[in-house]
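Here is the structure we will look at, set down as structure tokens.
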Amino acid sequence: MAAFHHLSVLPDEVIHFLEPADGKTYLDGTLGGGGHATLILEKAPGALLIGIDRDQTALAAAGARLAVHGEHIQLLHGDFADVTEHLGTLGITALDGFILDLGVSSHQLDTRERGFSFQQDAPLDMRMDISRGETAADLVNKLPEPELERIISEYGEERWSKRIASFIVKEREESPITNTLRLVDIIKGAVPKAKWDERIHPATRTFQALRIAVNSELDSLERGMRAALDLLKPGGRGVIISFHSLEDRIVKHVFREYAGGCTCPRQLPVCVCGKQPRVKVLTSRPVTATQTETEENPRARSAKLRAVVKL
Numbered sequence: 323m324a325a326f327h328h329l330s331v332l333p334d335e336v337i338h339f340l341e342p343a344d345g346k347t348y349l350d351g352t353l354g355g356g357g358h359a360t361l362i363l364e365k366a367p368g369a370l371l372i373g374i375d376r377d378q379t380a381l382a383a384a385g386a387r388l389a390v391h392g393e394h395i396q397l398l399h400g401d402f403a404d405v406t407e408h409l410g411t412l413g414i415t416a417l418d419g420f421i422l423d424l425g426v427s428s429h430q431l432d433t434r435e436r437g438f439s440f441q442q443d444a445p446l447d448m449r450m451d452i453s454r455g456e457t458a459a460d461l462v463n464k465l466p467e468p469e470l471e472r473i474i475s476e477y478g479e480e481r482w483s484k485r486i487a488s489f490i491v492k493e494r495e496e497s498p499i500t501n502t503l504r505l506v507d508i509i510k511g512a513v514p515k516a517k518w519d520e521r522i523h524p525a526t527r528t529f530q531a532l533r534i535a536v537n538s539e540l541d542s543l544e545r546g547m548r549a550a551l552d553l554l555k556p557g558g559r560g561v562i563i564s565f566h567s568l569e570d571r572i573v574k575h576v577f578r579e580y581a582g583g584c585t586c587p588r589q590l591p592v593c594v595c596g597k598q599p600r601v602k603v604l605t606s607r608p609v610t611a612t613q614t615e616t617e618e619n620p621r622a623r624s625a626k627l628r629a630v631v632k633l
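Below you can see the structure in the form of structure tokens.
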């Protein structure tokens with residue numbers, strides 16, 4: 323397996339909005355190779371950084387990279403959706419800041435045997451945690467056609483979801499679909515060639531949809547960010563980087579909910595709900611990568627950063 327590599331996106335912007343300081347406690351809920359964690363501890367070497375990741379390969383790589391920080395780093399294997407429970411094992415009940423860098427890492431995409439990429443042949447896996455759960459192959463070979471169509475349409479925003487699901491079901495009747503390039507060929511056959519988008523590969527949306535479904539990414543995002551927001555101390559900051567519209571929509575919605583106040587009907591003379599804003603949104607619009615960064619790291623092109631501060 324190739325050595326772990328991943329360029330962290332929007333590094334300067336993360337530090338700007340997170341404002342790390344010595345003596346404070348920060349969470350990197352999607353640790354990856356430890357890029358953002360390294361930046362935080364370089365800025366605030368006296369801080370405590372807790373890193374969580376589902377990918378044990380990423381944890382091992384991050385552990386080696388961050389070992390120089392000694393007792394200032396604590397690494398945990400698991401899903402950031404369960405952040406309250408994870409931090410509880412360390413006796414931590416509040417945070418001064420958190421960063422969530424969502425999506426799939428460069429290393430995961432480039433490691434053939436993980437099955438995330440449609441550009442090289444590999445087992446159809448796509449699990450971020452290879453120790454548990456169903457694979458993409460399990461889904462494409464077992465799910466009923468309407469459920470496959472729903473996943474491809476909802477998570478991939480794919481207009482040809484009905485045809486793709488139909489073609490998958492027909493092909494799997496001949497033999498199980500177990501590798502990435504066979505699935506790519508099925509998708510290519512389902513999407514009329516005249517309708518292919520020149521900007522993206524015809525399999526992009528379906529592979530995204532299957533990856534999201536395999537890893538329950540959207541559910542994990544909403545659960546995890548709500549838990550992390552609740553754990554923030556007053557003045558604590560949360561930074562989230564998303565990579566597609568489904569993620570960004572959830573981040574925007576939850577941030578807006580936490581920033582909202584009274585929800586009583588306007589005709590009531592006084593507030594009876596008692597709701598007060600819990601955060602202030604620091605980014606009226608999502609922050610995106612500069613041209614210089616996207617030239618150096620093309621995967622930063624779709625990154626969107628949103629940030630809040632706890633009131």
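Residue numbers for the sequence shown follow the working numbering, so the first one is 323 and each next one is one higher.
For each residue, glycine too, the CB sits at the ideal point set by N, CA and C.
Inter-residue Cα distance where the pair is residue i and residue j
i, j, result
"Leu363", "Ser488", "50 Å"
"Thr411", "Trp482", "46 Å"
"Asn619", "Pro468", "38 Å"
"Gly355", "Leu446", "23 Å"
"Ala525", "Ile509", "6 Å"
"Leu417", "Arg623", "30 Å"
"Phe402", "His394", "19 Å"
"Leu329", "Leu590", "52 Å"
"Leu388", "Thr360", "7 Å"
"Ala369", "His338", "16 Å"
"Ala386", "Ser453", "21 Å"
"Thr352", "Val592", "43 Å"
"Asp344", "Gln396", "16 Å"
"Leu340", "Leu349", "11 Å"
"Met448", "Thr379", "14 Å"
"Lys597", "Arg621", "39 Å"
"Gly437", "Thr616", "25 Å"
"Gly557", "Pro342", "12 Å"
"Val603", "Met547", "14 Å"
"Arg588", "Gly455", "47 Å"
Residues of its chain near residue i, where Cβ-Cβ distance is below 8 Å and the 5 sequence neighbours each way are ignored
i, result
"Ala625", "Val331, Leu332, Ile563, Ser564, Phe565, Thr610, Ala611"
"Leu551", "Gly560, Val576, Tyr580, Arg600, Val601, Val630, Lys632"
"Leu461", "Leu470, Ile473, Leu532, Ala535, Val536"
"Leu540", "Tyr477, Ile534, Leu568, Glu569, Ile572"
"Ser542", "Asp401, Phe402, Ala403"
Range of the contiguous alpha helix (DSSP H) that encloses residue i
i, result
"Lys484", "483-496"
"Gly596", "Looking at the DSSP string, Gly596 is not in any alpha helix (DSSP H), and its letter there is neither H nor E."
"Asp460", "458-464"
"Val426", "Segment: none, Val426 is in no alpha helix (DSSP H) and carries neither H nor E."
"Pro571", "It is Arg, not Pro, that sits at residue 571 in the sequence shown. Counting along the chain, the alpha helix (DSSP H) containing Arg571 begins and ends at 567-581."
"Ala359", "357-365"
Residue i burial status per 10 Å Cβ neighbour count (16 or more: buried)
i, result
"Thr530", "Note that residue 530 is Gln in the sequence shown here, rather than Thr. Buried is the call here."
"Thr614", "exposed"
"Gly419", "buried"
"Pro367", "exposed"
"Thr585", "exposed"
"Val336", "buried"
"Ala516", "exposed"
"Val513", "buried"
"Gly357", "buried"
"Pro466", "exposed"
Contact test: residue i Cβ vs the ligand FAD heavy atom, cutoff 7 Å
i, result
"Ile395", "Annotation note on the ligand FAD: not contained in the displayed structure, which lists no ligands."
Beta-carbon gap between residue i and residue j smaller than 8 Å
i, j, result
"Asn537", "Pro498", "no"
"Met450", "Asp570", "no"
"His408", "Leu422", "no"
"Ile414", "Thr347", "yes"
"Leu503", "Asp443", "yes"
"Ala549", "Val405", "yes"
"Gly373", "Ala383", "no"
Own chain partners of residue i with C-beta closer than 7 Å, once the 5 adjacent residues on each side are dropped
i, result
"Arg628", "Ile562, Val573, Lys574, Phe577, Thr605, Pro608"
"Thr528", "Ile474, Gly478, Glu480, Ile486, Ile509"
"Glu493", "Ile499, Ile508"
"His523", "Phe440"
"Gly583", "Lys597, Gln598, Pro599"
"Gly511", "Phe489"
For residue i, the first and last residue of its enclosing beta strand (DSSP E)
i, result
"Thr347", "347-350"
"His399", "395-399"
"Ile563", "554-564"
"Lys515", "Premise fails: Lys515 is in no beta strand (DSSP E) and is neither H nor E."
Proximal residues to residue i (C-beta, below 6 Å), its chain only, five neighbours per side dropped
i, result
"Gly425", "Phe565"
"Asp375", "Leu353, Leu381"
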